[in-house]
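A.B. asks:
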């Protein structure tokens, strides 16, 4: 079962943070204050800092100072470095882009807060950061990933390999290569495994395809075989059988 409502609410709060609105996130902090303290989350302080920054961005200086006295001052003992930076940023606010405090005014800070908020939600509710589906998928992909899947060249990818598909390629990228004691070659032309019944055949340019696929191509075209990678054409007599070790 999935708590869809919780994820919908999390997304609504995240969208508000991207707009510079911290109120929904602060409401969540208030409702989950006890749990947040238990996991030692700094989310609420970072949200108060962002509220301060948004006020400074709008040149509402008196409101920013009042906000700092109300919400940042009581946190000075545990979060002094960030609070000192806020006060310094107030002094150098005229030069928001090039000053030492430009990162506080950068739009990327809003995205960082979204990540911090989601991490706090998952940690507070004891949810894994990776979904069960992605974990299961990665376990399967790790069993199939080989050097050809990760060499970056689309020409050598197997059209029927899940690891090579654009949808799953990013998920498989950080995974280690599968450990296979015996080589297993898959034809890039047909997607079929090459074995003694369908042996691999090497073209003069070094590319290897299955015998069945090459003979089928030759019988269809009537003009030899075409290398999919280089677009070079060869006669069947030019092919050499490859032995798998």
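Numbering (full-length UniProt numbering), first residue to last: 1 to 245. Using N, Cα and C, we set each Cβ at its ideal position, and we do this for glycine too. Small disclaimer: the values here were computed from a predicted structure and weren't measured.
With a threshold of 16 other CB atoms inside 10 Å of the CB of residue 133, please say whether the residue is buried or exposed.
C.D. replies: Here residue 133 refers to the residue found at position 133 when the chain shown is read from its first residue. Classification of residue 133: exposed, given that the 10 Å Cβ count is below 16.
A.B. asks: Can you name, in chain order, every residue of its own chain whose Cβ lies under 7 Å from the Cβ of residue 52, other than the five neighbours on each side?
C.D. replies: Within the chain shown, residue 52 is the residue found at index 52, counting from 1. Excluding positions up to five away in sequence, the list reads 64, 67, 68, 72 and 86.
A.B. asks: Ignoring anything shorter than 3 residues or poking outside the UniProt domain "CTLH" (6 to 63), list the beta strand (DSSP E) runs there in chain order.
C.D. replies: Segments of the beta strand (DSSP E) lying fully in the UniProt domain "CTLH" (6 to 63): there are none.
A.B. asks: According to DSSP, simplified to helix, strand and coil, what is residue 189?
C.D. replies: Numbered from 1 along the chain shown, position 189 holds the residue referred to as residue 189. Three-state DSSP puts residue 189 in coil, outside helix and strand.
A.B. asks: Taking the beta carbon of residue 126 as the centre, do at least 16 other beta carbons fall within 10 Å, making it buried, or is it exposed?
C.D. replies: Residue numbering aside, residue 126 sits at position 126 when the chain shown is read from its first letter. Exposed, since its Cβ has fewer than 16 Cβ neighbours within 10 Å.
A.B. asks: Could you pull the start and end residues of the beta strand (DSSP E) that residue 208 belongs to?
C.D. replies: Mapped onto the chain shown, residue 208 falls at position 208. Run containing residue 208: 208 to 210, per the beta strand (DSSP E) assignment.
A.B. asks: Taking its Cβ as the centre, do 16 or more other Cβ atoms sit within 10 Å of residue 177, making it buried, or is it exposed?
C.D. replies: Here residue 177 corresponds to residue number 177 of the chain shown, with the count starting at 1. Counting Cβ neighbours within 10 Å, residue 177 comes out exposed, since fewer than 16 surround it.
A.B. asks: Which residues bound the beta strand (DSSP E) around residue 200?
C.D. replies: For the purposes of this step, residue 200 is taken as residue 200 along the chain shown, with counting starting at 1. Run containing residue 200: 200 to 202, per the beta strand (DSSP E) assignment.
A.B. asks: Restricting to runs no shorter than 4 residues, where is the alpha helix (DSSP H) found entirely within the region 206 to 244?
C.D. replies: The region 206 to 244 contains these whole alpha helix (DSSP H) runs: 211 to 221.
A.B. asks: Check residue 181 in the structure and name its three-state DSSP category.
C.D. replies: Counting from 1 along the chain shown, the entry for residue 181 is found at position 181. Looking at residue 181 - three-state DSSP - the assignment turns out to be coil, as it is neither helix nor strand.
A.B. asks: Span of the alpha helix (DSSP H) holding residue 103?
C.D. replies: In the chain shown, counting from the first residue as 1, residue 103 sits at position 103. Counting along the chain, the alpha helix (DSSP H) containing residue 103 begins and ends at 102 to 105.
A.B. asks: To the nearest angstrom, report how far apart residue 46 and residue 206 are at their CA atoms.
C.D. replies: Here the question's residue 46 lines up with position 46 in the chain shown. Here the question's residue 206 lines up with position 206 in the chain shown. Using only the alpha carbons, I get a separation of about 58 Å.
A.B. asks: At what residues does the alpha helix (DSSP H) containing residue 163 begin and finish?
C.D. replies: Taking the first residue of the chain shown as position 1, residue 163 is located at position 163. Segment: none, residue 163 is in no alpha helix (DSSP H) and carries neither H nor E.
A.B. asks: Closer than 8 Å is the cut-off here; do at least three beta carbon pairs connect the region 102 to 120 with the region 136 to 145?
C.D. replies: Too few Cβ pairs lie closer than 8 Å, so no.
A.B. asks: Quick check: the Cα distance between residue 166 and residue 193, rounded to an integer number of angstroms?
C.D. replies: Locating residue 166 in the chain shown gives position 166, where the first residue counts as 1. Locating residue 193 in the chain shown gives position 193, where the first residue counts as 1. The straight-line gap from Cα to Cα measures roughly 21 Å.
A.B. asks: With a threshold of 16 other CB atoms inside 10 Å of the CB of residue 7, please say whether the residue is buried or exposed.
C.D. replies: Along the chain shown, read from residue 1 onward, the residue named residue 7 stands at position 7. So residue 7 ends up on the exposed side.
A.B. asks: Name, in chain order, the residues that DSSP records as bridge partners for residue 194.
C.D. replies: Along the chain shown, one-based indexing puts residue 194 at 194. Paired residues: 185.
A.B. asks: With DSSP collapsed to three states, give me the class of residue 78.
C.D. replies: Within the chain shown, the letter at position 78 stands for residue 78. In the structure shown, residue 78 sits in a helix (DSSP, three-state: H, G or I).
A.B. asks: Counting only the same chain and skipping the five closest in sequence on each side, list residues whose C-beta sits under 8 Å from that of residue 12.
C.D. replies: On the chain shown, residue 12 is found 12 positions in, with the first residue counted as 1. Only 24 meet the Cβ criterion.
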